[in-house]
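Q: Per the numbering used here: the sequence shown = residues 307 to 759.
Even for Gly, the Cβ is constructed at its ideal location relative to N, Cα and C.
Treat the numbers as computed from the prediction; the structure is a model and nothing was measured.
Have a look at this one before I ask anything.
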Amino acid sequence: MVSKQELVKKDLAHVIHPFGVMGAEPKFIFTEGEGVYLRDIDGNKYMDMTSGGVHLCNLGHSPKALVDALDEQMHKLAYFSAGAPNVATEQYIEYCTELAEVLPGDLNRVYMTCSGSETTEVSTQIARHYWDSVGQPGKYKIIAINRAYHGGTLLSRSLTGSQVGMGSFGRRVPEVVRAPNYMCPRCAFGLTYPDCDMACAKFLESVIEQEGEDTISCMIAEVALGNGGVYWAPDGWWQKVREITKEHNILLIADEVQTGFCRSGKFWGVDHFNVVPDMLNMGKGINSGFLPCGAVGVSDKIVNAFPKGQPFKGYVTQDANALVVASARAALKAYKGGMADRTAKLGAHLSKRFADEFQPLPCVDDISGLGKGLYQSFAIKLNKTTGKPYDVAATAKARDFLAGEALKQGVLLGTCDGYPRREPIVPPFIITEAELDQALDVTLSLMKEIKPV
């Protein structure tokens, strides 16, 4: 077996880490994962409260059902191009049919991709293709909200409205239009929910008026801000945005890359708001992070407008790879088997502990996601009781203390790069209540040690 020192040496010489600090040694070298646990090269075992680091291993690490499905498909058919005109694999047809059965409203058409980022690209391409098909090619702009995260490609980074957006990669693509987000503690208008009368959503009217509705193709938004803090839209925001986009003839794309597939206690995050978008973007947990996979659910209205006898040219090589689809199909079967009920029950327990034990602490505030399954978070707020200005350095130090000390006790906590003061609790669905309590006990005890500033 290769030593840790040798792997570190190879890493520094050859590996470029996404979001990694250049020249820094890797914090972890993981070698195994099973259920809710990870093991590193030193033999340390951690309970994973991040679902694979970025909220996708919904069914845990190395789930047997997915391993078996992949093994079976590998011995039947590994690949044939989904880009070959009117050629499909059996798995692709069956999966799209089964997925359509659980998608909201009339979202009965499915296009598969290799990631959530590519899904962002494809869904916005579909929006433009739709408007071109109905004789309005001038509708090309895309509205996106601040602090959103939509992926790592040039367009999806341009749509991302946080510090992890373009970075040093140059300018955003020019057709992106920004709108305020729904993060109530940092309200762009200085108002308080619900007395605000949903000003952030209503401001969308001004954005549309300024840009011209005849130039806007679609609006995309996360159902809950993921990288921006695992922060949920307040009730009424999605309903108002749906109303406005319909009124102004703008397609609405719900980004469910993180909130979809039972994560929130319902099959889809939009189900909490009784809203049906025109398209719904999927990724990450679509196959529990087993292989690169994404998809977009599309309404019948959109696809029926496409010119007959002409192709939709949105293809990349590994779209609908048979192995990937097999893993997604196995995951979907698991999700349909009562996972929403499971995450709702565990989420209710998490919400109760957050409200009863965490919220009263002097350095915990702005809990988001109460009643939203296993997708909840709280803010480390050192000035909650002091009223002093926000201290960035002290908050970063407190965050490092929480993460570091939790690791020593075998609990791997996550973070949100777009809003690092927030602590997300996003474990795999298969976690037991006892395991969840163990992780929460560790987190609670450490938060009690953090002092106001």
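Suppose you measure from the CA of Val-732 to the CA of Pro-617; what does that come to, to the nearest Å?
A: Approximately 40 Å, taken between the alpha carbons.
Q: If we count the other Cβ atoms within 10 Å of its Cβ and call it buried at 16 or more, is Glu-718 buried or exposed?
A: One detail in the question is off: residue 718 reads as Leu in this sequence, not Glu. Classification for Leu-718: buried.
Q: In the structure shown, what three-state DSSP assignment does Val-602 receive?
A: strand
Q: Which runs of the alpha helix (DSSP H) fall wholly inside the stretch 325-359 and span at least 4 residues, in chain order?
A: none
Q: Whose C-alpha, out of Gly-411, Ala-371, Met-418, Gly-358, is nearest the C-alpha of Met-588?
A: Met-418
Q: So which of Gly-441, Ala-637, Ile-514 has the shortest CA-CA distance to Lys-370?
A: Put simply, of Gly-441, Ala-637, Ile-514 the residue whose alpha carbon is nearest the alpha carbon of Lys-370 is Ala-637.
Q: State the DSSP-derived secondary structure class of Leu-409, mapped to helix, strand or coil.
A: coil
Q: Quick one: grab the DSSP three-state call for Ile-736.
A: Note: Ile-736 maps to coil in three-state DSSP.
Q: Counting along the chain, where does the beta strand (DSSP E) carrying Gln-682 start and finish?
A: DSSP places Gln-682 inside the beta strand (DSSP E), whose first and last residues are 682-686.
Q: Just curious, the beta strand (DSSP E) that Leu-557 is in, first and last residue?
A: 557-561
Q: Kindly indicate which residue of Gln-682, Asn-392, Cys-506, His-554 has the alpha-carbon position closest to the one of Thr-570.
A: The sequence shown places Ser at residue 570, rather than the Thr named in the question. Checked all of Gln-682, Asn-392, Cys-506, His-554; the closest Cα to Ser-570 is Gln-682.
Q: Who are the near neighbours of Gly-566 in its chain, counting only those whose CB is closer than 7 Å to its CB and skipping five residues on each side?
A: Trp-574, Gly-575, Met-588, Gly-591
Q: Would you call the CB atoms of Lys-445 and Asp-520 closer than 8 Å?
A: yes
Q: Using only the alpha-carbon positions, how far apart do Ala-628 and Ile-451 sit?
A: 35 Å
Q: Following the continuous beta strand (DSSP E) through Tyr-417, name the residue where it begins and the one where it ends.
A: 415-419
Q: Between the stretch 695-706 and the stretch 722-732, do at least 3 Cβ pairs fall closer than 8 Å?
A: In short, these stretches touch, since the Cβ pair count reaches three.
Q: Could you tell me if Asn-392 is buried or exposed, where buried requires 16 or more neighbouring beta carbons within 10 angstroms of its beta carbon?
A: exposed
Q: Can you tell me the Cβ-Cβ gap for Lys-754 and Leu-667, rounded? I've got them flagged as a contact below 8 Å.
A: Right, their Cβ atoms sit about 6 Å apart.
Q: Take the Cβ of Arg-492 as the centre, count every other Cβ of all protein chains shown within 10 Å, and call the residue buried at 16 or more, exposed below.
A: Exposed.
Q: If you draw a straight line from the C-alpha of Val-408 to the C-alpha of Val-416, how long is it?
A: 12 Å
Q: Considering Leu-586, what are the terminal residues of the beta strand (DSSP E) in which it resides?
A: 585-588
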